[in-house]
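Report on the structure given below.
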Ligand SMILES: *[C@@H]1O[C@H](CO)[C@@H](O)[C@H](O)[C@H]1NC(C)=O
Ligand SMILES: *[C@@H]1O[C@H](CO)[C@@H](O)[C@H](O)[C@H]1NC(C)=O
Ligand SMILES: *[C@@H]1O[C@H](CO)[C@@H](O)[C@H](O)[C@H]1NC(C)=O
Ligand SMILES: *[C@@H]1O[C@H](CO)[C@@H](O)[C@H](O)[C@H]1NC(C)=O
Ligand SMILES: *[C@@H]1O[C@H](CO)[C@@H](O)[C@H](O)[C@H]1NC(C)=O
Ligand SMILES: *[C@@H]1O[C@H](CO)[C@@H](O)[C@H](O)[C@H]1NC(C)=O
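What follows is the structure in structure tokens.
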């Protein structure tokens, strides 16, 4: 059957309203904990050096990642305003990065925002991302990642924006544990190769405003609970193999 003409194809575009600015504006306000700054300093530098080691194309932005300066001044790295050694954001989007994502990323414990979108990264999303308890935003869109979404990403209890679009090698089912992430506001996984059903636990994502699972190979029905969420502005499920009725919104 032609997927384009399938009666089960759904496109419901209610309204797109990303709240990124709002979310990222909270970046400078981390809770104080009693970590020694010197140990934090050394371990974050080590993690970034390990990250760089897995990148095969180091000619661009990563050339500035050298010991002549503090890691806080390395390109793409943002440290905290109050606790200046705390690495709070890593934005390496559009940097032509090839290679894989080092599991060492999981040791950047103060990271609030990770953006590796629009590169040529391969390999899997390291399950160690589940250690990033302060992560608020992750964007891994438009790479060549493979494997599945690690189910323990649901341990990122501060995560409000998860965008992983256009990695055609990402497959398997979408972890049901994602339904246990009460802070999730924007959840977009379009144009990958996910299979299986939409977990019924997604009906528990009570803060969700944006949901896109378009252009995958999902099947089964749309969980009724999704319709109970009053904040949902944008839902896009087109180009899948879904069946049944759209729950009343
Ligand atoms: C080290 O980084 C600085 C910028 O932080 C850059 O000017 C310099 O060229 C880099 N050194 C090497 C050897 O790449
Ligand atoms: C990641 O970076 C890209 C390119 O700069 C940008 O378009 C996108 O909005 C960023 N993602 C998030 C979640 O902020
Ligand atoms: C995530 O789960 C994998 C496999 O279940 C495990 O090896 C890894 O240690 C977990 N990572 C974290 C950060 O919990
Ligand atoms: C889907 O992803 C592929 C591979 O990244 C890309 O070439 C294609 O343009 C994407 N399609 C859409 C509709 O974004
Ligand atoms: C939704 O959350 C409630 C309360 O935590 C739990 O009892 C229920 O099993 C969850 N539903 C799904 C489908 O996971
Ligand atoms: C869609 O689902 C139907 C029945 O559930 C199945 O017969 C069909 O092969 C599926 N199509 C695709 C493209 O997966």
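Residue numbers (mature numbering (1 follows the signal peptide of the UniProt record, and there is no 0)): -34 to -1, 1 to 215.
All C-beta atoms in this analysis are idealised placements derived from N, C-alpha and C, irrespective of residue type, glycine included.
Taken in chain order, the whole beta strand (DSSP E) runs of length 3 or more contained in the region 137 to 179 are 137 to 139, 152 to 154, 159 to 161, 176 to 178. In terms of Cβ geometry, residue 146 and residue 120 form a close pair [threshold 8 Å]. Judged by the Cβ position, residue 47 fails to qualify as a neighbour of ligand 4 at the 7 Å threshold, every heavy atom of the ligand being at least this far. The nearest non-hydrogen atom of ligand 5 is less than 7 Å from the C-beta of residue 169. At a cut-off of 7 Å, the beta-carbon of residue 157 counts as near ligand 4: some heavy atom of the ligand is closer than that. Taken through DSSP and simplified to helix, strand or coil, residue 193 comes out as helix. Distances taken from the Cβ of residue 129 to the heavy atoms of ligand 2 include one shorter than 7 Å. The alpha-carbon separation between residue 39 and residue 185 amounts to approximately 47 Å. Residue state for residue 90 is assigned as coil, using DSSP reduced to three classes. Per DSSP, the beta-bridge partners of residue 202 are 178.
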